[in-house]
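Student: For the sequence shown, the residue numbers in our numbering are 1 to 79.
Cβ atoms here follow ideal geometry from the backbone N, Cα and C, with glycine treated the same way.
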Amino acid sequence: MKKNTIRVFVINVMILSLTAYILGLTDSAFTQVYPSENRFSYLISSVKYFVLWVLPYWWPVITVGAVLLTFLYAVIRKN
1 MKKNTIRVFV INVMILSLTA YILGLTDSAF TQVYPSENRF SYLISSVKYF VLWVLPYWWP
61 VITVGAVLLT FLYAVIRKN
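#1: Buried or exposed: which applies to Leu18, given that a residue is buried once 16 or more other Cβ atoms fall within 10 Å of its Cβ?
#2: Are the CB atoms of Ala29 and Phe50 within a distance shorter than 9 angstroms?
#3: Could you say if the segment 27–44 and the segment 64–74 meet the contact criterion of at least three C-beta pairs nearer than 8 angstroms?
#4: In whole angstroms, what is the alpha-carbon distance linking Thr26 and Val54?
#5: Between Tyr73, Lys2 and Pro56, which has its C-alpha nearest Asn12's C-alpha?
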């Protein structure tokens, strides 16, 4: 049970991080700070923007959201 709960927590962190990454791509600051000419440059710039700008501000929300979703999973699974 404990190993499964940790797995669910990690999956929730990945899902919420992916959501933050995708929403970060729609931010106008991304295109202003990291202008890109081709797809490879766009990919590298988007990862850099996510790690340096999005993640430092959103990691508490991602962590709390993952804990709440994991708790919800544990409650539903227990019934």
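Tutor: A quick look at the data gives this:
#1: By 1-based counting over the sequence shown, the position of residue 18 is 18. Exposed, since its Cβ has fewer than 16 Cβ neighbours within 10 Å.
#2: Position 50 of the sequence shown, counted from the first residue, corresponds to residue 50. Position 29 of the sequence shown, counted from the first residue, corresponds to residue 29. Not in contact: Phe50 and Ala29 (Cβ atoms no closer than 9 angstroms).
#3: no
#4: Walking along the sequence shown from the start, residue 26 turns up at place 26. Walking along the sequence shown from the start, residue 54 turns up at place 54. Distance between the alpha carbons of Thr26 and Val54: 12 angstroms.
#5: Along the sequence shown, one-based indexing puts residue 12 at 12. It is Tyr73.
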